[in-house]
Every structure is written in structure tokens, then in C-alpha cells.
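Q: Below are the C-alpha cells for one structure; questions will follow.
Number of protein chains: 2
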Amino acid sequence: MEKIIKNPDFSDGEEILSEYLRRNFTVQVSGLCSVNYQGRAKSKLDRGERLVIKKQDSALLVHGPENYQPKNWQPEVDEWEVKAQEDELLLKARRKDPDEIVEIRFEDLEFLMVTQLVDSSDLKIRGHEIDIHESIEEDPKIVEEELKVVERERETPAGFIDVFARDSEGNYVVIEVKRNPDYNTVLQLQRYVDEIEDEFSLNVRGILVAPKMTDKVLDYLEERGLEFVGVEMEDVIASYETIDNSQKGLSDFNPDYEVD
Amino acid sequence: MEKIIKNPDFSDGEEILSEYLRRNFTVQVSGLCSVNYQGRAKSKLDRGERLVIKKQDSALLVHGPENYQPKNWQPEVDEWEVKAQEDELLLKARRKDPDEIVEIRFEDLEFLMVTQLVDSSDLKIRGHEIDIHESIEEDPKIVEEELKVVERERETPAGFIDVFARDSEGNYVVIEVKRNPDYNTVLQLQRYVDEIEDEFSLNVRGILVAPKMTDKVLDYLEERGLEFVGVEMEDVIASYETIDNSQKGLSDFNPDYEVD
DNA sequence: GCCTAGGTCCCGTGC
DNA sequence: GCACGGGGCCTAGGC
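So the sequence lines, in the order shown, correspond to chains A and B. Numbering follows my numbering, in which position 159 of the first sequence is assigned residue number 159; successive positions increment by one, without gaps. Just remember that my numbering sits 260 ahead of the position in the second sequence, which is counted from 1.
Dropping the structure here:
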């Protein structure tokens, strides 16, 4: 930990923030504040105690005591302005594109902390839509017995077909994969099916493959003569071991701090 | 600030976390850790220094040194498990629905902080899509002269129509409003128009109302016989004063701390 | 409780 | 650089 100051006054705050906000440090400020935002929308947040975090890449988060999401934020800050006044510490964070500004006015500072986090590890994750595509290609019978995958990401004038296949009777099958299917998914599948039917002048099957489905979307699908096949995400998600194999043997954590 | 401990050992960590995680406190733990997640997907995050925040409603965030978004998280935790072991401090956060678990293994603790934030102010915001709906309802001529709004959020088998209206010639008009229109928006509008045409066996107009538009989406829209009308967000966003008027005169900040 | 749709979405990928 | 689509999306609003 570089620095922690409890109950700093506004001039302490101005000094520390001016020094560290623009640099490669994680800075926290907590205290009673109000926040205005203007940009793609406009918001006001009245006085309350919050935790403000400036990350090492300049991302700014204003977190209240609850919820996953920050109350205000700035994914990337281009210009900082810090000013101690008689009755407040003003912190402005401006972003250029889109042009937006977050203004935080602290009436009272509870603490101020400067640290530096070293983390070069990437998140390895399985269970994305792309992993379902791969499972189908490896083992098409999770969709249907005797299905043969012809092509992935087949391009049509209506967009890319996730998986293009033929069934045991030789029919063309268009497969659309979605983790979270909705009405638009149905129309998208419909468009691909229409496109392939035009191309081959044949009847074409359309199958939506997803780990879950709602009754209404299923109705909408079946009204159009399209089909649904469920998949188990557990079958799709690789084991921890498999994820492990994609990593290097040793962690690339490196304790050398980069200052600035 | 309730507590701050620098470089706590694992048994300190276990003690403090066991006491405070389940209660109405904001708890921060920072240090060298690795994180596993399993639930809707499965992920591994190798060792690195991170800031872990448990909010007062049990939301859990694992923030790396960069980016707006946490590397791992749990929007709501139902069960906590904390265990100091010889070489690590293990923190498990389980959620019941969906069933998922985040496991954080600390190899080294940099600091541990317990605070309590008091914030009962709501965020006042203007510029959401709903504000455009309201502008249209108040003054339909921003879309078209002599347009009459019939209904908002009209339900159809294909979903909800933002604004349902009739034009000067008595035609039905389906209006879809979007801040950020894209291809899917066109499909969505198409869905509604098709549904209303089926329902009334009439030709129905479809208008996409948005503050911006791209050439490709416009082409895609017009190919389908659908229309676009631009609106200015500035006309939609209320002034700060208007936002102010929606607030009570006095802040409802109350310095009484609720312990538990 | 499920379902629908928006978000200052953010963010990666492909053109 | 923009644009498109996914996300462990999250979250609010209806029913």
C-alpha cells in the first residue's frame, strides 16, 4: 500500500489526487459526496456516502453501498480536474469520445488510499456461445442422431449461419446457437432458413440450439415450423483440467512494481 | 471506518471476514489471489493482485487493476465460507439461483478494511429510451404531423410495441424507439409490423425513432419498407433544473449508522 | 416467480 | 475507425 490517509482535509485530498490520479495507481476516495453526470444522458446523485475507485487504466467507478453496478462511472477518463474549495473537494473526470463528464463533489472525506495492483493473468472461461458451436462440431449427435456438419459460419446475404448441416434424410439443416435465445433469435433463424430455401429451392429445417428456452419464444419458433433442441451447458463446459491445459505451467505473476 | 488492518495474517483474515461478511458492512480485501468460478459458465483466474469488495447487500466484486468491469463477481451471495489454511485464506461465495460459486484463494493479504456507507439518495437520470417515449406521447409531431398515439407498450405475440399510433390517413403506425439502433432493432420493428398486419389484415407503417442512425441500418430498414425519424436527445433530456424539481428540497442523507 | 427489453450498457472482434 | 453482437451480462418493470 502506497498511502492511506484517514479523514483527510480538502487540501490533503487535492494534493494526493492531483499527484496520483493521472498515474498508474489504484486510488480510492470514500466520503460524503454528490455526483453529476452529463454525456450520453444526464444524471444527478444527491449527497450520500460512496466509495470512489480510480483504476490504473483511468477507469472511474462510483460505488454506493449496494448493488453490483456502480451508481456513476467513466470507463476511460481523458482529463482530470481536482480542486479543493472552502466547503468541498471537487473531482471532475472528462472523457473525450463520447464527450461526457462526471463531477464528484465531496463534502467530507472519510479516507483516501493509493495502492498499486500487479495482475497480468488472463481470465480463462468456458461456456460462451462459441463453446457450444465447438461441441456441436465435435459431436453433432448432441443435436440429432446422424446429423452431419457441413460448414460453420456459412455466409449468406442475411448474415452468418452458426452451423450448416444435413440430416439423416439428406435435408439441409440450419442451426442457430444462442445462450440466451429471444424473439430476435427466431427471426434471425427464419431469415437464414428462407435464404437457404431460396438458394437450393428445397425445404430446409431450422433448429435453434440453446441451454434454455421460454414458452413464448418456443411458441413463436414453432409457429414458423422451426425446431428447438436443448443442450446441457455442463456437457459443453470443459472441465477445470481442460481449462488448465490451456495455461502455461507457471503463473506469470511478477512482483516488480511499475511506478508510472 | 470500522477497521483497517494492513498485512493481516490468514487467521486475522478469517476472523474479520467471518464476523463482517454476513452483516451490513462494506468489506474490502486486497491481496494476491486466484479465483475460480462455476455456474452458468466456468472460469479460472490465475494468481494476481486484486481488490475484492463485498457490498452491504452481499454483492461481491473482484476487481483487477484495470477496466470498468470486475474480473469475477456475484451479484448476490447466499452463503459465505471463510477458512484460513496453512498457505491460503479461502473465501467461497455461493449463490442459490442460479446455482453458482466464486472461490477466492488468497496467498497474501495486503489489507483488509471494514466500513459502512450510508446512502439513501436515488439516482435521477434523464436520457433513457423511456424519456423519448414520453416526448413522443406529449408531442407526437416530433415524429410526424397529425400523428395520434393510440397506445404505449402494446402487447402482441411478438413482444411489446413501444408506441402504437395512427397517421393522418388513418393508417396504423408501429413506432420502435431506440437510443442505439442496430440490425436487431430493424428485425424487432419488422416483427411488430408483421404481427399488427396479421391482426388487422391491413397495411401497417413501421417507424424507427432514434437520435442516430447508420447508413447500413437505414438501408436494411428501407429495404423492408420501414421508415426512420430522427430525434434530438437534447430536446428529450430535461434540464438539470427539471431533474432537480423531481427531488425533495432536502437531502435525505441521515448520518445514523445502522449496525446490522 | 418468469419473462421481456433496456443500458451513460461494456467489450471483443472483424471489417 | 466504426459497427456488430455477446455477456456468468445486470437490472428494472409487468404479469
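Backbone N, C-alpha and C fix where the C-beta goes; we use that ideal spot for every residue, glycine too. It should be emphasised that the depicted structure is a prediction, and the values quoted were computed from it without experimental measurement.
Starting from the N-terminal side, write out each stretch of the alpha helix (DSSP H) that is 4 residues or longer and does not extend beyond the stretch 70 to 147 of chain A.
A: Runs found: 129 to 138.
Q: In angstroms, rounded to a whole number, what distance separates the CA positions of ASP46 (chain A) and LEU377 (chain B)?
A: Between ASP46 (chain A) and LEU377 (chain B), the C-alpha separation is close to 14 angstroms.
Q: Tell me, to the nearest whole angstrom, how far the beta carbon of ASN327 (chain B) is from that of LYS148 (chain A); I am working on the premise that it is less than 8 angstroms.
A: Wrong, their Cβ atoms sit about 42 angstroms apart, outside the cutoff.
Q: Do VAL35 (chain A) and ILE104 (chain A) have their C-beta atoms closer together than 7 angstroms?
A: Contact: yes.
Q: Consider the Cβ of ASN184 (chain A): report whether some Cβ of chain B lies at a distance smaller than 7 angstroms.
A: Judged by the 7 angstroms Cβ criterion, ASN184 (chain A) is in contact with chain B.
Q: Interface residues of chain B around THR214 (chain A) at Cβ under 9 angstroms?
A: Under the 9 angstroms cutoff, chain B gives no residues; its nearest Cβ is about 12 angstroms from THR214 (chain A).
Q: Distance cutoff 7 angstroms, beta carbons only. Does LEU377 (chain B) sit that close to anything in chain A?
A: For LEU377 (chain B), the answer is yes, since a Cβ of chain A falls inside 7 angstroms of its Cβ.
Q: Who pairs with GLU309 (chain B) in a beta bridge, going by DSSP?
A: In DSSP, GLU309 (chain B) forms a bridge with B:LEU292.
Q: Would you kindly work out how many angstroms separate the C-alpha atoms of GLU406 (chain B) and ARG451 (chain B), rounded to a whole number?
A: Cα to Cα, GLU406 (chain B) sits roughly 25 angstroms from ARG451 (chain B).
Q: Contact criterion: CB-CB distance below 7 angstroms. Does ILE265 (chain B) meet it with respect to chain A?
A: By this cut-off, ILE265 (chain B) is not an interface position.
Q: Do you know offhand how far PRO471 (chain B)'s Cα is from GLU367 (chain B)'s?
A: Distance between the alpha carbons of PRO471 (chain B) and GLU367 (chain B) is about 50 angstroms.
Q: What are the start and end residues of the alpha helix (DSSP H) that includes GLY524 (chain B)?
A: The first residue shown for chain B is 261 and the last is 520, placing residue 524 (chain B) beyond what the model contains.
Q: Mind reading off the beta-carbon distance from TYR432 (chain B) to LEU478 (chain B)? Whole number of angstroms is fine, and I expect it under 8 angstroms.
A: Between LEU478 (chain B) and TYR432 (chain B) the Cβ distance is about 22 angstroms, and since that is not below 8 angstroms, they are no contact.
Q: Would you check if the distance between the CB atom of ILE175 (chain A) and the CB atom of VAL231 (chain A) is smaller than 7 angstroms?
A: Going by C-beta atoms, ILE175 (chain A) is not nearer than 7 angstroms to VAL231 (chain A).
Q: Quick check on the burial criterion: 16 or more other C-beta atoms within 10 angstroms. Buried or exposed for ASN514 (chain B)?
A: For ASN514 (chain B), the predicted model reports a pLDDT of 48, less than 50, meaning its position is unreliable; a value from the coordinates is still stated below. With fewer than 16 Cβ atoms within 10 Å of its Cβ, ASN514 (chain B) is classed as exposed.
Q: GLY127 (chain A) versus chain B: which residues are under 7 angstroms apart at the beta carbon?
A: In chain order: ARG300, ALA301 and LYS302.
Q: Please determine, among A:PHE228, A:ILE5, A:GLU234 and A:ALA158, the residue with the shortest C-alpha to C-alpha distance to THR115 (chain A).
A: It is A:ILE5 whose Cα lies nearest to the Cα of THR115 (chain A).
Q: Counting only Cβ-Cβ distances shorter than 8 angstroms, please list the residues of the stretch 307 to 324 of chain B near chain A, keeping chain order.
A: Within the stretch 307 to 324 of chain B, the residues whose Cβ lies closer than 8 angstroms to some Cβ of chain A are ARG307, GLY308, GLU309, ARG310, LEU311, ILE313, LYS315, GLN316, ASP317, ALA319, LEU321, HIS323 and GLY324, listed in chain order.
Q: Should ASP162 (chain A) go down as buried or exposed, given a rule of 16 or more other Cβ atoms within 10 Å for buried?
A: With 16 or more other Cβ atoms within 10 Å, it is buried.
Q: Nearer than 6 angstroms: is that true of the beta carbon of SER318 (chain B) relative to any heavy atom of the ligand NAP?
A: Among the ligands in the structure shown, none appear at all, so the ligand NAP cannot be discussed.
Q: Give the DSSP bridge partners of ILE4 (chain A), in chain order.
A: DSSP lists A:MET113 as partners of ILE4 (chain A).
Q: Can you tell which of A:LEU226, A:GLU234, A:LYS96 and A:GLU86 has the C-alpha that lies nearest to the C-alpha of GLN188 (chain A)?
A: Among A:LEU226, A:GLU234, A:LYS96 and A:GLU86, the Cα nearest to that of GLN188 (chain A) is on A:LEU226.
Q: Which of the three DSSP states, helix, strand or coil, is assigned to LYS551 (chain B)?
A: One cannot answer for residue 551 (chain B) here, as it falls past the ends of chain B, which runs 261 to 520.
Q: My assumption, with CB atoms under 8 angstroms, is that LEU549 (chain B) sits in contact with GLN298 (chain B). Please give the rounded CB distance.
A: Absent from the model: residue 549 (chain B). The displayed extent of chain B is 261 to 520, so no value can be given.
Q: Roughly how many angstroms lie between the CA atoms of GLU197 (chain A) and GLY159 (chain A), to the nearest whole one?
A: Straight-line Cα distance between these residues: approximately 15 angstroms.
Q: Give the straight-line distance between the Cα atoms of TYR183 (chain A) and ARG126 (chain A), rounded to the nearest whole angstrom.
A: Each residue's alpha carbon lies about 25 angstroms from the other.
Q: Contact criterion: CB-CB distance below 7 angstroms. Does LEU447 (chain B) meet it with respect to chain A?
A: Taking Cβ atoms only, chain A reaches closer than 7 angstroms to LEU447 (chain B), which makes this a yes.
Q: If I follow the unbroken alpha helix (DSSP H) through ARG522 (chain B), where does it start and stop?
A: Here chain B covers residues 261 to 520 and nothing more, so residue 522 (chain B) does not appear.
Q: I want to verify the contact list: residues of chain B whose CB lies under 9 angstroms from the CB of SER151 (chain A), in sequence order.
A: What sits at residue 151 (chain A) in the sequence shown is Glu, not Ser. Under the 9 angstroms cutoff, chain B gives no residues; its nearest Cβ is about 22 angstroms from GLU151 (chain A).
Q: DSSP three-state label for VAL231 (chain A), please.
A: Correct three-state label for VAL231 (chain A): coil.
Q: Could you tell me which of B:VAL496, B:LYS304 and B:PRO400 sits nearest to ASP427 (chain B), measuring between CA atoms?
A: The candidate whose alpha carbon is nearest that of ASP427 (chain B) is B:PRO400.
Q: Got a sec? Which residues, its chain only, sit under 6 angstroms from SER499 (chain B) by beta carbon, not counting five neighbours each side?
A: Note on SER499 (chain B): pLDDT 44, under 50, position unreliable in the model; the coordinate value appears next. Taken in chain order, the list of residues that qualify is empty.
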